[in-house]
Structure formats: structure tokens, C-alpha cells
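The sequence shown lines up with residues 16 to 332 when you count with the numbering used here. Where a beta carbon is used, it is the ideal one built from N, C-alpha and C, also for glycine. Below: one structure, written as C-alpha cells.
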Amino acid sequence: MNREQVSRVLQQHGAVMVLGVLVIVGSLAFDSFATTGNAASVVVSSSFLAIIAIGMTFVIISGGIDLSVGSLFVLGGVLAAYGSQYGLVVALLLPLAVCGLAGLLQGLVIARTGMAPFIVTLAGLLGVRGLMLAISDEGATTYLVEDRAFAALGQGDVLGLTYPVWITIALSLAAMVLLQRTGFGQNVYAIGGNEQAAALMGVPVVRTKVYVYLMSGLLAGLAGALNAARLSSGVTILGIGMELDVIAAVVIGGTLLTGGAGGITGTVAGVLLLGVIQSLINQVGNLTSAFQQVVSGLFLALVVVAQRLLSKAQRLT
């Protein structure tokens, strides 16, 4: 294996390697870490972040960014809880429709006007959170989940894992196929690698960009709805800063912020890595939750530096 191949493997699978090392270290250091209960807790708590991160992976590979996902997550939860009074179908379709529409509008603005995704989705972040506050009377009204079938969707389990975890697994597998085995996935990579060249080759740039932001909005809304089902309420204080955790997980998983490279396997590993870090901090016991943010920030900084060095190494070979 030459230098270029080693660099590519480290870039694509580095998060999986680090995750494995942390699991081994945690298992040796703490008796309660390598237990079924703790593993299930990490997986369950990470599932909602993973659903959003799947959509963010497509967005970042295409060369974009979506800062609105945290607000869409909490809006999806509020709308799902509100809609649950009309049954399971409304509780699911209402957040998907509204959050999907928000993603669609952002995608249209970005793709057709050429505006920076950072600015458009930052406006989306503020606008969507404002909509959520309007629906919930400035956060004073917390809607409770009234439909038992919808609540069971977030709280029920199979083989010790909740339904959101199984949904996350199914979405991850579908996203892998979509990204790696379809023309749409190849178009996403092409646009992220060089948008002008992709357009000259006949890639439908505008349509592809619209689709990735639509997907991001839909998945953020779905994650919010499932979280509302789990909590039995549409909590209005969630989602603040969540977009940064999602972006961190995707980048830690090996997806380049510059676009054109990345994958779902790395993203899932990045999400689990953040979950394992939080679990290890909880095992120590005398560290606050703020320490997890410090560690996650250091991981992200190290990964970005490593990605740059590995990219240089690939260009030199």
C-alpha cells in the first residue's frame, strides 16, 4: 500500500479506528462501560443526531452547509406533538411537510441565486426558530403527545433497541446505497468536487442541490418527530447548537468541508464517537457536560488539520 492509499484509508476510516480505540480503552478503564445497558444508551441517544447527520453528509459532500437543522429538529418535535392529537399519520406527516418545505425553499434559493449556503441557512435557522416560537407562544406552550401509537414509535423497542435506532440503521443503509450506487450520489460528489466542471459534463447541478437540502430538511424534521415521540412532548428548548454537533460528527467522520469526499459509514462512526466521548466523561463522574464540548472541539480541530495534511499527501503522490 503506497502513501496515497494510506492517506485515503486514514481519511475515510480514521473515525472508525479512533472509535475502536476509545471503546477498548473505556472497556479496560471502567467496568460499567462495556455493558449492554451502556452500549444501548449510547446508541439510542446518538440515533437522533445520526438521522440529521445523514442529510448533512449529502449537503457537505455537495460543497454546501446547512445551519438550520437544529431549528428544524425542534420545530419538527413541536409540530409532531401538536399533530399527535389528530393521530399517528398527522403527527408524522405534519413535521415532514413543513420541515421538508423549509429545506426545499433553502435549496431553491441556494441553487438558483448562487447565494452562499452559510447565509441562506443561517437565515433559515433564525426564521424556523421564530416560527417554532410563534407556534408555541414564545415557548410557553409545550404540546404533549396524545396518540399512543405515535408515542410507541419513539419508546417501543425490538431486541433491546428502540424503533428510532432501527429507523436510523435503515436510513443509513439506504443512504449508503443512494450515495455510492446511484447516479444521484455520483452527481453529489461531482458537484462538491468541481461545480463548474460538473455543469459542463451535464450534471443537473440545480436539481441535485435542491434535493440535498430537501433531504436535510426532511431528516431533521423526522428526527425531531421521533424525539418528541420518545419524550411524549414537543420540548421547545432543544436543538440550540445542534447544527454544530451534526457538522462536527460529519467532519470527524471524514467528510471534507470543501466537498467532494465523504461517506455515510464515517458519519455514523463520527456520531458514535461523540456519544462514546460523552459516555466516558459520564463514567469519570467528576467532569461536567461542558467538558464534552471541549473534547469534541479538540477532536474536530485535530481532524480538520489531519484532513488537510492527508489531502496534501495525496496531491504530492
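Counting C-beta neighbours from all protein chains within 10 Å, is the total for residue 257 16 or more, i.e. buried, or is it exposed? Within the sequence shown, numbered from 1, the residue matching residue 257 stands at position 242. By the neighbour-count rule (16 or more Cβ atoms within 10 Å), residue 257 is buried.
Given residue 317 as reference, the closest of 263, 277, 279 once Cα atoms are compared: For this step, residue 317 is matched to residue 302 along the sequence shown. Selected option, being the one with the closest Cα: 263.
Cβ neighbour criterion (16 or more within 10 Å) applied to residue 293: Numbered from 1 along the sequence shown, position 278 holds the residue referred to as residue 293. Residue 293 is buried by the Cβ-count criterion.
Just list the alpha helix (DSSP H) runs in the region 37-78, keeping only unbroken ones of 4 residues or longer that don't cross its boundaries, in chain order. 51-76
Local conformation of residue 172 per DSSP, three classes: The residue given as residue 172 occupies position 157 in the sequence shown. Residue 172 falls in the strand class under three-state DSSP.
Environment of residue 87 [buried if 16+ CB atoms lie within 10 Å]: What you label residue 87 is simply residue 72 of the sequence shown in a count that begins at 1. Flag for residue 87 reads buried.
Could you tell me the distance, in whole angstroms, from the CA atom of residue 123 to the CA atom of residue 299? Stepping through the sequence shown from its first residue, residue 123 is reached at position 108. Stepping through the sequence shown from its first residue, residue 299 is reached at position 284. Going by the C-alpha atoms only, they are around 47 Å apart.
Mark residue 46 as exposed unless 16 or more other C-beta atoms lie within 10 angstroms of its C-beta, in which case mark it buried. Indexing the sequence shown from 1 puts residue 46 at position 31. By the neighbour-count criterion, in which a residue is buried when 16 or more other Cβ atoms sit within 10 angstroms of its Cβ, residue 46 is exposed.
Endpoints, the alpha helix (DSSP H) within which residue 231 is located: Along the sequence shown, read from residue 1 onward, the residue named residue 231 stands at position 216. Here the alpha helix (DSSP H) through residue 231 covers 220-246.
Beta-carbon gap between residue 66 and residue 197 smaller than 8 Å: Position 51 of the sequence shown holds residue 66. Position 182 of the sequence shown holds residue 197. It is not a contact, given that the beta carbons lie outside the stated cut-off.
Over the uninterrupted alpha helix (DSSP H) stretch that includes residue 258, give me the two end residues. On the sequence shown, position 243 is the one that residue 258 refers to. 257-267 is the span of the alpha helix (DSSP H), which, as asked, contains residue 258.
For the alpha helix (DSSP H) that contains residue 273, what are its first and last residues? To locate residue 273, count along the sequence shown from 1; it is residue 258. Unbroken run through residue 273: none, as it is neither H nor E.
Taking the alpha helix (DSSP H) that residue 117 falls in, what are its first and last residues? Here the question's residue 117 lines up with position 102 in the sequence shown. Its alpha helix (DSSP H) spans residues 103-128.
Please report the distance separating the alpha-carbon of residue 193 from that of residue 137. Sequence index remark: in the sequence shown, residue 193 carries index 178 (1-based). Sequence index remark: in the sequence shown, residue 137 carries index 122 (1-based). If I take the Cα positions, the gap works out to 27 Å.
Locate the alpha helix (DSSP H) running through residue 178, then write down its first and last residues. Residue mapping note: residue 178 aligns to position 163 of the sequence shown, counting from 1. That run of the alpha helix (DSSP H) goes 178-196.
Taking Cβ positions, are residue 224 and residue 83 nearer each other than 8 Å? Taking the first residue of the sequence shown as 1, we reach residue 224 at position 209. Taking the first residue of the sequence shown as 1, we reach residue 83 at position 68. No, Cβ-Cβ distance for residue 224 and residue 83 is not below 8 Å.
Can you name the residues that DSSP bridges to residue 159? As a working mapping, residue 159 is identified with position 144 in the sequence shown. According to DSSP, residue 159 bridges with 248.
Taking the alpha carbon of residue 202 as the reference point, which residue from 135, 276, 233, 164 has its own alpha carbon closest? By one-based count along the sequence shown, residue 202 stands at place 187. The candidate whose alpha carbon is nearest that of residue 202 is 276.
Measure the C-alpha to C-alpha separation of residue 92 and residue 265 and round it to an integer number of angstroms. Counting from one through the sequence shown, the residue named residue 92 turns up at place 77. Counting from one through the sequence shown, the residue named residue 265 turns up at place 250. Residue 92 and residue 265 have their alpha carbons spaced roughly 23 Å apart.
In chain order, what residues of the same chain lie with their CB nearer than 6 Å to the CB of residue 49, ignoring the 5 residues before and after it? Counting from 1 along the sequence shown, the entry for residue 49 is found at position 34. The answer, listed in chain order, is 42.
If we ignore side chains and look at the alpha-carbon of each, how far apart do residue 313 and residue 163 end up? Here residue 313 refers to the residue found at position 298 when the sequence shown is read from its first residue. Here residue 163 refers to the residue found at position 148 when the sequence shown is read from its first residue. C-alpha separation (whole angstroms): 42 Å.
Measuring only the C-alpha atoms, how far is residue 235 from residue 70? Translated into positions along the sequence shown, residue 235 becomes position 220. Translated into positions along the sequence shown, residue 70 becomes position 55. Using only the alpha carbons, I get a separation of about 8 Å.
Among residues of its own chain, excluding the 5 on either side of residue 72, which ones have a beta-carbon nearer than 7 Å to its beta-carbon? Residue 72 sits at position 57 when you count from the first residue of the sequence shown. Answer for residue 72: 265, 270, 277, 279, 282, listed in chain order.
Same chain only: Cβ atoms within 7 Å of residue 229, ignoring 5 sequence neighbours per side: Within the sequence shown, the letter at position 214 stands for residue 229. If we look at residue 229 and ignore the five residues flanking it on each side, its Cβ neighbours are 115, 118, 119, 122.
Tell me the rounded alpha-carbon separation between residue 170 and residue 177. In the sequence shown, counting from the first residue as 1, residue 170 sits at position 155. In the sequence shown, counting from the first residue as 1, residue 177 sits at position 162. Taking the straight line from one Cα to the other gives about 6 Å.
Integer-rounded CB distance, given that residue 166 should sit under 8 Å from residue 284: What you label residue 284 is simply residue 269 of the sequence shown in a count that begins at 1. What you label residue 166 is simply residue 151 of the sequence shown in a count that begins at 1. Going by Cβ atoms, the distance from residue 284 to residue 166 rounds to 31 Å, so no, they are not a contact pair.
Presumed contact (8 Å Cβ cut-off) between residue 135 and residue 90, rounded CB distance: Counting from one through the sequence shown, the residue named residue 135 turns up at place 120. Counting from one through the sequence shown, the residue named residue 90 turns up at place 75. Rounded, the Cβ-Cβ distance is 17 Å, inconsistent with contact.
Taking buried to mean at least 16 other C-beta atoms within 10 Å of its own C-beta, is residue 149 buried or exposed? Taking the sequence shown and counting its residues from 1, one reaches residue 149 at position 134. Residue 149 is classed as exposed because its beta carbon has fewer than 16 other beta carbons within 10 Å across all chains shown.
Taking only the alpha-carbon atoms, compute the straight-line gap between residue 268 and residue 64 and give it to the nearest angstrom. By 1-based counting over the sequence shown, the position of residue 268 is 253. By 1-based counting over the sequence shown, the position of residue 64 is 49. Straight-line Cα distance between these residues: approximately 13 Å.
Neighbour flag for residue 64 against chain B, beta carbons, 8 Å: As a matter of chain content, chain B is missing from the structure shown, which is built from one protein chain.
Tell me whether residue 160 is buried or exposed, calling it buried when 16 or more other Cβ atoms sit within 10 Å of its Cβ. To locate residue 160, count along the sequence shown from 1; it is residue 145. Looking at its Cβ environment, which holds 16 or more other Cβ atoms inside 10 Å, residue 160 is buried.
Is the beta carbon of residue 249 less than 8 Å from the beta carbon of residue 30? Taking the first residue of the sequence shown as position 1, residue 249 is located at position 234. Taking the first residue of the sequence shown as position 1, residue 30 is located at position 15. Contact flag unset, no.
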